[in-house]
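Engineer:
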Amino acid sequence: MLTKRWITALFVVCFVIGQATASAGSPTPMQTVKERIDQIITVLNDPQYHPAAQKKAQREKIWEISQIMFDFTEISRRTVGPKWDSFSDQEKSHFTDVFAQFLGNTYIDKMQGEYHNEQVVYLQEIVKEPQALVRTQLKRENLTLPIDYRMKQAQGSWKIYDILVENGVSIVQNYRVQFQTILQKESPVQLIARLEEKLKEQKSQLGQ
Amino acid sequence: MNQRTLPALAAILIVMSGLIGCAGSRPKAMTEVPGAPSDIAAEPPAVTTEPSAAAPPTPAAAQPAATEPAASQDPAPLTEEEQMLLEDNTDWALQPDEEIYTVADPLEKYNRGVFYLNDKLLQGKARAAEAEWARFLYNSTIGVLGFGDPASKHAELNPAEEDMGQTLAGYGLGDGFYLVWPLLGPSTLRDTAGMVGDRFLNPVAFVERWQDSLALSGTKEINNLSFRIGDYESLIKAALDPYESFRNAYIQLRQSKIRQ
């Protein structure tokens, strides 16, 4: 019966290896988000970035960490809506690039201004591949801000394509309504120009 | 067993476990192990707890139970609530245009009509009347909650003719909304927004419904509320069309409250 024991042992070893590889190789949606947010919080709390002169460097660091989490093409597609199909490939990539930078500047700047050691609580993840919803809360002394992340799986990794605040206010929907109104009267090129204008304003305000 | 079949069997086992391992990181995959000899039945449960423990604590419903038997790779079915939360209509490619617009903004018909009407009427006496109305609402709600007569302290609710709506006129926001914006205190803004905002969206239907929801939620909820989507300046910075942005945020907020 030595042979049978060997087979058993071999089976168990392979099984464990298989599982270890599986867990290491494909983080869950919540793990994906948590890992990055934890890093961002570390940067926000890092004293080397406290001086005003360091804010730009801090913003760039946060951008570097966070942008990987997002699928900006998907965000762009969804916020532009059906008219996305009428954008040329160049317009699509130009829009995505400008919109991503605009979102990054807006929200990271806000984060830098408003983050004061709040705690992030990870509540739940609801997964039905390729979709997922990761529910979190940002806790202040007497306020709880619910923030949910809609994620989509592509090529083995989970990326955020929408953020919901207050249990249901979608940022994608919010921008889509704005863009739709604009696109009713203006062309894609004009919408991109508007975004670039905002981006320029931002950069001068942020001292870039 | 002889010496030849053992390596062959080992090779098969390695390949099988590799396939099973790659199938996914969920514990579910572990129950897939076919033909496990009875004397290692105790082993898989010990292994399954490892990744589960490493993952952040989640409700049982979100993660399939490791002991659940299944022939397929499908995770445990989601509860109805989870299905609803996961549902998302931002992928317009899956929906006809009209439907998207309706879902995103069901009050569109009312909003546009009422808003443009307000725009034209908002001059002179009409503006003063708005301020009066808002002050009345503000006092009747906040006053009732024990805040005295706060309206007199807020310049916004006692506007001089030329002040009103100047900043926001460029965005076509109208005076009613101007009254809402600067009130960023926790127990006042959403309350006021509920009254004033609703009035602009759909006076009759919404006021009734809102009062119902107010009655249900009670004082505690009002005191917890605050305009968290951002303050005035942030919204202006973050939006290309601040009016549309605010209105949509408000509509989505109401929809999510109704759903809850």
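Those protein sequences? They're chains F and P, same order as listed. Mapping to numbering that gives the first Met the number 0: the first sequence position 37 is 36, numbers consecutive. Mapping to numbering that gives the first Met the number 0: the second sequence position 165 is 164, numbers consecutive. Glycine residues also receive a C-beta, built at the ideal position from the N, C-alpha and C atoms.
Using the Cα positions of Asn-104(F) and Lys-60(F), report the straight-line distance between them to the nearest angstrom.
Structural biologist: If you number the first sequence from 1, residue 104(F) lands on position 105. If you number the first sequence from 1, residue 60(F) lands on position 61. If you take the alpha carbons of Asn-104(F) and Lys-60(F), they lie about 12 Å apart.
Engineer: For Leu-163(F), which three-state DSSP category applies?
Structural biologist: Counting from one through the first sequence, the residue named residue 163(F) turns up at place 164. The answer is strand: DSSP assigns Leu-163(F) an E or B state.
Engineer: On the CB-based measure, 16 or more other CB atoms within 10 Å of its CB, does Asp-45(F) come out buried or exposed?
Structural biologist: Counted from its first residue, the first sequence places residue 45(F) at position 46. The residue in question, Asp-45(F), is exposed, as its Cβ has fewer than 16 Cβ neighbours within 10 Å.
Engineer: Using a Cβ-Cβ distance under 8 Å, would Gly-155(F) count as near chain P?
Structural biologist: In the first sequence, residue 155(F) corresponds to position 156, counting from 1. Gly-155(F) does not count as touching chain P.
Engineer: Among the candidates Phe-10(F), Leu-194(F) and Ile-67(F), whose CA atom is the shortest distance from the CA of Asp-240(P)?
Structural biologist: Translated into the one-based positions of the second sequence, residue 240(P) becomes position 241. Checked all of Phe-10(F), Leu-194(F) and Ile-67(F); the closest Cα to Asp-240(P) is Leu-194(F).
Engineer: If I measure Cβ to Cβ from Gln-100(F) and keep anything under 8 Å in the same chain, skipping five residues before and after, which residues do I get?
Structural biologist: For this step, residue 100(F) is matched to residue 101 along the first sequence. Closer than 8 Å at Cβ, skipping near neighbours: Leu-198.
Engineer: Rank Gln-152(F), Lys-127(F), Met-29(F) and Ile-146(F) by C-alpha distance to the C-alpha of Gln-136(F) and give the top, closest one.
Structural biologist: Counting from 1 along the first sequence, the entry for residue 136(F) is found at position 137. Comparing Cα positions, the closest option is Ile-146(F).
Engineer: Assign Asn-173(F) to buried or exposed, taking buried as 16 or more other Cβ atoms, counted over all protein chains shown, within 10 Å of its Cβ.
Structural biologist: Residue mapping note: residue 173(F) aligns to position 174 of the first sequence, counting from 1. Asn-173(F) should be labelled buried.
Engineer: Closest to Ile-36(F) by CA distance: which of Leu-9(F), Pro-26(F), Ser-65(F) and Val-12(F) is it?
Structural biologist: As a first step, residue 36(F) is located in the first sequence; it is residue number 37 there, counting from the start. Nearest C-alpha to Ile-36(F): Ser-65(F).
Engineer: From the beta carbon of Pro-129(F), is the nearest beta carbon of chain P less than 8 Å away?
Structural biologist: Here residue 129(F) corresponds to residue number 130 of the first sequence, with the count starting at 1. Output row for Pro-129(F): interface = no.
Engineer: For Asp-84(F), count the other beta carbons within 10 Å of its own beta carbon; 16 or more makes it buried, fewer makes it exposed. Which is it?
Structural biologist: Residue numbering aside, residue 84(F) sits at position 85 when the first sequence is read from its first letter. Exposed, because fewer than 16 other Cβ atoms sit within 10 Å of the Cβ of Asp-84(F).
Engineer: Taking Cβ-Cβ distances below 9 Å as the criterion, which residues of the stretch 52-72 of chain F are in contact with chain P?
Structural biologist: Answer set for the stretch 52-72 of chain F: empty.
Engineer: Quick check on the burial criterion: 16 or more other C-beta atoms within 10 angstroms. Buried or exposed for Met-209(F)?
Structural biologist: Outside the shown range of chain F, which is 0 to 207, sits residue 209(F), and nothing can be said about it.
Engineer: Can you tell me where the beta strand (DSSP E) holding Thr-211(F) begins and where it ends?
Structural biologist: Absent from the structure is residue 211(F), since the part of chain F shown begins at 0 and ends at 207.
Engineer: Label Tyr-115(P) either buried or exposed according to how many other C-beta atoms from any shown protein chain fall within 10 Å of its C-beta, with 16 as the threshold for buried.
Structural biologist: As a first step, residue 115(P) must be located in the second sequence, where it is residue number 116. Low per-residue confidence applies at Tyr-115(P): pLDDT is 40, beneath 50, and the placement is therefore not dependable, though the value from the model is reported in the following sentence. Tyr-115(P) comes out exposed.
Engineer: In the DSSP output, what is Phe-69(F) paired with across the bridge?
Structural biologist: Walking along the first sequence from the start, residue 69(F) turns up at place 70. Paired residue(s): Ile-159(F).
Engineer: What does Ser-169(F) pair with, by DSSP beta-bridge criteria?
Structural biologist: Locating residue 169(F) in the first sequence gives position 170, where the first residue counts as 1. Note: Ser-169(F) sits in a beta bridge opposite Leu-163(F).
Engineer: For Tyr-160(F) versus Asp-96(F), is the C-beta spacing smaller than 8 Å?
Structural biologist: As a first step, residue 160(F) is located in the first sequence; it is residue number 161 there, counting from the start. As a first step, residue 96(F) is located in the first sequence; it is residue number 97 there, counting from the start. Taking 8 Å as the Cβ cut-off, Tyr-160(F) and Asp-96(F) do not qualify as a contacting pair.
Engineer: Report yes if the C-beta distance between Gly-80(F) and Phe-178(F) is below 8 Å; otherwise report no.
Structural biologist: Numbered from its first residue, the first sequence carries residue 80(F) at position 81. Numbered from its first residue, the first sequence carries residue 178(F) at position 179. In contact: Gly-80(F) and Phe-178(F) (Cβ atoms closer than 8 Å).
Engineer: Can you pull the chain P residues whose beta carbon is under 9 Å from the beta carbon of Asp-161(F), in chain order?
Structural biologist: For the purposes of this step, residue 161(F) is identified with residue 162 of the first sequence, where counting begins at 1. What Asp-161(F) touches in chain P: Asp-87 and Thr-89.
Engineer: In three-state terms, what does DSSP make of Leu-182(F)?
Structural biologist: On the first sequence, residue 182(F) is found 183 positions in, with the first residue counted as 1. Leu-182(F) falls in the helix class under three-state DSSP.
Engineer: According to DSSP, is Glu-128(F) helix, strand or coil?
Structural biologist: As a working mapping, residue 128(F) is identified with position 129 in the first sequence. Residue state, collapsed to three classes: coil.
Engineer: Looking only at its own chain, which residues have a Cβ that is under 7 Å from the Cβ of Pro-28(F), when we skip the five neighbours before and after it?
Structural biologist: Position 29 of the first sequence holds residue 28(F). Correct list, in chain order: Glu-124, Val-126, Ala-131, Val-133, Met-150 and Trp-157.
Engineer: Checking the sheet assignment: what are the DSSP bridge partners for Thr-135(F)?
Structural biologist: If you number the first sequence from 1, residue 135(F) lands on position 136. In DSSP, Thr-135(F) forms a bridge with Tyr-121(F) and Ile-146(F).
Engineer: Counting only beta-carbon separations shorter than 8 Å, does Thr-105(F) have a partner in chain P?
Structural biologist: As a position in the first sequence, residue 105(F) is number 106, starting the count at 1. At least one chain P Cβ lies under 8 Å of Thr-105(F).
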